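Engineer: Below you'll find the structure I mean.
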Amino acid sequence: MRGLQRLSQLDLIDRAGLRGLTERLVYRGTRNGFRAANAAGRTFAAAQKLGKPARQPRRKRPAGFDVTPDDEQLMMQEAVGDFAQEKLRKAATDADASCTAPQELLEQSAELGIAMLGVPEELGGAFAERSAVTSALITEALAGGDMGLAWALLAPSAVSSAIGLWGDADQQSTYLPEFTGENVPAAALAIHEPGALFDPFELETKARRDGDDFVIDGLKALVPRAADAELFVIGADLEGEGPSLFVVESKTKGVLTQSEPAIGLRAAGTGEVKLEGVRVPATARLGAEADDSYTECIRLSRIAWCAMAVGTAQGALDFLIPYVKDRKAFGEPIANRQAVAFNMSNIAIEVEGMRLTTYRAASLADQGKPFARESAIARQLCASKGMQIGSDAVQLLGGHGYVKEYPVERWYRDLRAAGVVEGGLLV
Amino acid sequence: MINLEVPKKFEPLVEQAHIVAVEVLRPISRKYDVAEHEYPKELDMLAALIDGMDDGGNSSGAGAAGVSQAQKNGDGGNRNGSNMASVLSIIEMCWGDVGLLLTMPRQGLGNSAIAAVADDDQKERFAGKWAAMAITEPEAGSDSAAIRTTAVLDGDEYVLNGEKIYVTSGERAELVVVWASLDREVGRAAIKSFVVERSNPGLKLDRLEHKLGIRASDTAAFILDDCRVPKEDLLGSPEIDTKKGFGGVMRTFDNTRPLVAAMALGVARACIEHTRDALKEAGVEVDYDRPANSQHAAAAELLELEAEFEASRLLTMEAAWMADNSKPNSLHASYAKAKAGRTGTDVALRCIALCGSAGLGEEELLEKWARDAKILDIFEGTQQIQLLIIARQLLGLTSAELK
């Protein structure tokens with residue numbers, strides 16, 4: 001409160017014409033603390049029940065080493081890439097400032113079918129095969145436009161993919177058809193928690209059995225679209241059984257949210273989700289039969305964040321190339337100096353390395369092979385090199401990199417965040 | 001369809017190369033590091049074995065001889081060919097010993113140059129001979145356009161004069177491919193390569209270098225003193241075409257940069273595996289699921305080294321795959337060389353720190369690998385040269401604009 005007091009006294013924010021904006025942000029930042037999560041959320045009910053869970057078949061085993069996406073993937077990549085460059089990039093500055101994604105873009109992403117990537121065909125999905133590579137390519141392409149908006153758009157698909165992969169017949173029938181239409185529910189995979197040294201395998205959020213129900217208590221952090229979400233998949237430590245996933249509707253009593261704007265990824269409207277004695281039925285547990293569903297979820301989520309970092313880092317490289325060739329100092333383009341040119345070379349090298357390690361992890365997941373090591377390696381690389389590229393990009397623009405007239409300072413913020421967040425995305 | 005695994009069809013090749021590394025190279029690794037300039041006679045039998053595999057159409061490419069740009073693919077399908085095979089087997093062999101691989105009979109860099117630019121008649125005449133490559137001079141290293149060795153046509157022979165240094169396998173090879181200028185006024189376009197018989201009296205061995213690492217491999221210095229070479233031993237066209245410039249001679253390097261990257265990968269992997277075992281003995285293991293920050297600092301560092309290694313490895317595989325599929329790979333070959341070159345050294349030096357006194361001591365091979373690794377960020381284009389090549393292509397700048 002004292003900080004707020006001091007902020008309101010600053011003449012600077014009046015002079016800069018920032019008072020209106022600042023007050024809006026402060027409002028979003030506090031919003032009377034926690035309030036009930038989206039109570040107006042829809043009622044999820046199965047129109048038709050499946051007899052057994054539907055699973056998208058895995059892709060056929062590829063023949064040899066190959067870096068080229070297949071034709072279907074190339075088409076998706078191009079369509080989503082155009083959308084990202086034309087729409088997301090233009091909307092990014094405002095979305096970053098207001099911490100919201102424009103409704104129009106959310107609707108258009110539903111038209112592109114982004115939320116149903118992981119929905120089996122039996123439930124209205126449009127993709128015959130399950131492919132982490134396809135999801136990674138789409139994530140990369142979207143993040144090339146803007147990472148924050150990409151997260152807002154992809155957040156529901158993390159939930160539908162989780163239910164597609166690990167849901168039972170009832171869970172799938174109840175929730176998945178909602179993700180195939182035009183009115184896709186806001187939804188979020190909530191794993192992260194506050195506190196230093198967060199470890200997704202040591203969750204503070206606890207679930208315990210109580211009769212036929214589970215009761216969940218805890219606090220989740222950096223949840224995308226937290227205020228609007230109608231459905232959550234929540235990571236909680238189930239007493240005696242370890243970390244597990246639970247489907248929780250936002251209307252459930254005891255689910256509270258509070259906005260939590262962060263350094264980056266602001267367009268995704270990140271918030272905290274507090275669970276106070278949240279009672280869900282036994283049917284809410286996801287992947288009860290598959291022991292490794294939670295571990296797989298964490299790995300796939302990390303691959304998704306890698307794809308985000310690759311897309312944004314590539315976007316930065318594409319932006320920097322013409323910039324350093326146009327910008328003159330001491331009578332010639334700064335690109336003609338080795339200090340600048342070598343930095344560009346290193347960005348190009350590392351982006352390609354990030355991309356290949358990400359693709360490899362995703363491709364192994366598709367082939368049903370172990371990918372723990374590969375996803376950890378991609379994560380390590382994309383977190384450190386991604387952050388470095390964000391920093392280098394600002395440095396190469398100098399003062400221009402520091403002001404909001406250019407998108408580069410946003411990439412600096414987003415690329416830092418991408419290497420830290422757990423959950424919220426899946427490939 | 002995206003798949004970045006080692007092709008199944010190459011698994012036997014990798015296995016075979018690994019056995020050679022374990023059974024033949026590792027046991028004599030320290031011996032020839034100590035006995036610098038002594039010829040590793042154990043390699044003769046191995047070289048004969050590799051020749052046999054090559055003749056059998058196995059295209060194993062234990063060295064540089066096997067690589068060249070692939071023929072256009074009839075069906076347009078994906079191809080995993082000799083470039084990738086060479087990368088894979090070199091990784092294994094250099095896991096064994098990079099110095100010994102460099103002195104593998106008949107697998108010299110000169111062989112690669114001959115494979116890349118020789119005409120059919122030359123290929124036939126030089127077949128089965130071990131060829132070294134002589135480019136560097138005391139006053140011209142990375143700046144190979146500045147070489148001062150001259151070649152003057154005299155009747156049916158060229159007469160070569162100059163000084164060459166850093167000729168890998170120069171003492172042991174049967175042929176030396178020498179870069180010389182037909183006209184020093186013209187610059188790059190006048191630089192041609194000549195195949196010189198090692199027995200040519202005009203090619204005089206001046207000395208063998210004493211080096212930081214790769215001591216199993218001899219590094220020779222030559223004086224070319226009115227060295228007369230038949231004119232049909234000039235590789236490529238004798239015309240000085242200023243438009244084409246350096247293309248012919250430099251093309252060799254698009255194919256060989258990924259191979260040097262592969263050498264660095266072999267050394268780096270040896271270091272990582274050794275260190276992983278040592279840390280395990282000390283009670284530290286990487287948990288790939290838990291965040292690095294929640295693990296032992298040594299585990300976090302090993303994960304970081306593995307990540308750098310893996311990025312380097314995939315960049316190298318990609319560059320080789322592009323060559324096999326006739327995709328222009330000059331940019332990606334330099335990505336691979338730059339990344340793997342610096343990673344090899346970085347990994348080796350940091351692994352020493354993780355292993356402590358055992359890392360520094362001569363009891364183990366780690367200290368040797370750290371010495372060996374450094375050359376891989378220098379020869380076949382230094383780190384800085386790779387960054388220049390990349391930047392010029394990326395930014396569309398000429399060598400006059402980006403110096």
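Chains as they are written, first to last, in the numbering used here: chain W, 1 to 427; chain R, 1 to 403.
Even glycine gets a Cβ: it sits at the ideal position worked out from N, Cα and C.
In this text the structure is predicted, and so the values were computed from the model without any measurement.
#1: Where do the N-terminal and C-terminal ends of the alpha helix (DSSP H) with LYS339(R) fall, by residue?
#2: Touch check for the region 320 to 336 of chain W and the region 158 to 167 of chain W: three-plus C-beta pairs under 8 Å?
#3: Name the two residues that bound the continuous alpha helix (DSSP H) containing ILE375(R).
#4: With a threshold of 8 Å between beta carbons, is THR357(W) in contact with chain R?
#5: Could you check what DSSP says for LYS129(R) in three-state terms: helix, strand or coil?
#6: Rounded to whole angstroms, what's the CA-CA distance from ASP218(R) to THR316(R)? Just pull it up for me.
#7: Can you name the residues of chain R whose CB is closer than 9 Å to the CB of ALA95(W)?
#8: Does any C-beta atom of chain R lie closer than 8 Å to the C-beta of ILE349(W)?
#9: At the 8 Å Cβ level, is ARG290(R) part of the contact set with chain W, yes or no?
#10: Between SER345(W) and chain R, is the shortest Cβ-Cβ distance under 8 Å, so that the two count as touching?
#11: Whole angstroms is fine: what's the gap from TYR175(W)'s alpha carbon to ALA47(W)'s?
#12: Taking Cβ-Cβ distances shorter than 7 Å, what residues in chain W pair up with LYS339(R)?
#13: How would you call THR43(W), buried or exposed, if buried means at least 16 neighbouring beta carbons within 10 angstroms?
#14: From the DSSP output, in three-state form, read off TYR294(W) for me.
#15: Strictly below 8 Å CB to CB, what residues from chain W border ALA431(R)?
#16: Around the Cβ of LEU18(W), are there at least 16 other Cβ atoms within 10 angstroms (buried) or fewer (exposed)?
#17: For the candidate residues VAL324(W), LEU106(W) and ALA282(W), whose alpha-carbon lies nearest to that of LEU245(W)?
#18: Report back the beta-carbon spacing between ALA268(R) and THR343(R) to the nearest angstrom; my notes put them in contact at under 8 Å.
#19: Any C-beta of chain R sitting closer than 8 Å to the C-beta of PRO57(W)?
#20: For PRO62(W), go through chain R and note every residue whose CB falls closer than 7 Å to its CB, in chain order.
#21: Note down, in chain order, every chain W residue with its Cβ under 7 Å from the Cβ of PRO7(R).
#22: So, under 8 Å CB-CB, SER89(R) and LEU13(R) are touching, yes? Tell me the CB distance rounded to an integer number of Å.
#23: Confirm, please, whether the CB-CB distance from ASP414(W) to MET116(W) is below 8 Å.
#24: What do you get for ILE147(R), buried or exposed, if any count of 16 or more other CB atoms within 10 angstroms of its CB means buried?
#25: Starting from the beta carbon of LEU402(R), find every residue of chain A whose beta carbon is closer than 9 Å, and list them in chain order.
#26: Work out the CA separation of ARG299(W) and SER250(W) for me, nearest whole Å.
#27: When the distance is taken between beta carbons, is THR68(W) closer than 8 Å to VAL427(W)?
#28: Just the Cα atoms here: how many angstroms apart are LYS231(R) and VAL195(R)?
#29: Straight-line CA distance for ASP430(W) to ALA348(W)?
#30: Are ALA423(R) and MET344(W) close, meaning C-beta to C-beta below 8 Å?
#31: Please report the distance separating the alpha-carbon of LEU356(W) from that of LEU4(R).
#32: With a cut-off of 8 Å, does the C-beta of ASN255(R) fall near any C-beta of chain W?
#33: Just the chain R side, please: which residues come within less than 8 Å of LYS251(W) by C-beta, in chain order?
#34: Rounded to whole angstroms, what's the CA-CA distance from LYS385(W) to MET45(R)? Just pull it up for me.
#35: Just tell me which of PHE379(R), VAL98(R) and TRP130(R) has its CA closest to the CA of GLY110(R).
#36: Taking PHE83(W) as part of the alpha helix (DSSP H), name the residues at either end of that continuous run.
Structural biologist: On the basis of the coordinates in this document:
#1: From DSSP, the alpha helix (DSSP H) with LYS339(R) extends over 330 to 355.
#2: no
#3: 366 to 375
#4: yes
#5: coil
#6: 26 Å
#7: Within 9 Å Cβ-Cβ: nothing; ALA95(W) doesn't reach chain R, min ~29 Å.
#8: yes
#9: Interface with chain W (8 Å Cβ-Cβ cutoff): ARG290(R) is included.
#10: yes
#11: Across the structure, TYR175(W) and ALA47(W) are spaced so that their CA atoms are roughly 10 Å apart.
#12: ILE349 and GLY353
#13: exposed
#14: Helix, per DSSP.
#15: Since the first and last residues shown for chain R are 1 and 403, residue 431(R) lies out of range.
#16: Residue confidence for LEU18(W) is low, a pLDDT of 48 falling below 50, so the modelled location carries little weight; the figure read from the coordinates is stated next. Looking at its Cβ environment, which holds fewer than 16 other Cβ atoms inside 10 Å, LEU18(W) is exposed.
#17: Residue ALA282(W) is the option with its Cα nearest to LEU245(W).
#18: Sure, about 6 Å apart at Cβ, within 8 Å.
#19: So, not an interface residue.
#20: MET1 and ASN3
#21: GLY64 and PHE65
#22: 6 Å
#23: no
#24: buried
#25: This model lacks chain A altogether, as its protein chains are W and R.
#26: 26 Å
#27: no
#28: 10 Å
#29: Absent from the model: residue 430(W). The displayed extent of chain W is 1 to 427, so no value can be given.
#30: Chain R is shown from 1 up to 403; residue 423(R) falls before or after that span and cannot be answered.
#31: 8 Å
#32: no
#33: Chain R residues near LYS251(W): none, gap ~33 Å exceeds 8 Å.
#34: Cα-Cα distance, rounded: 45 Å.
#35: TRP130(R)
#36: 71 to 83
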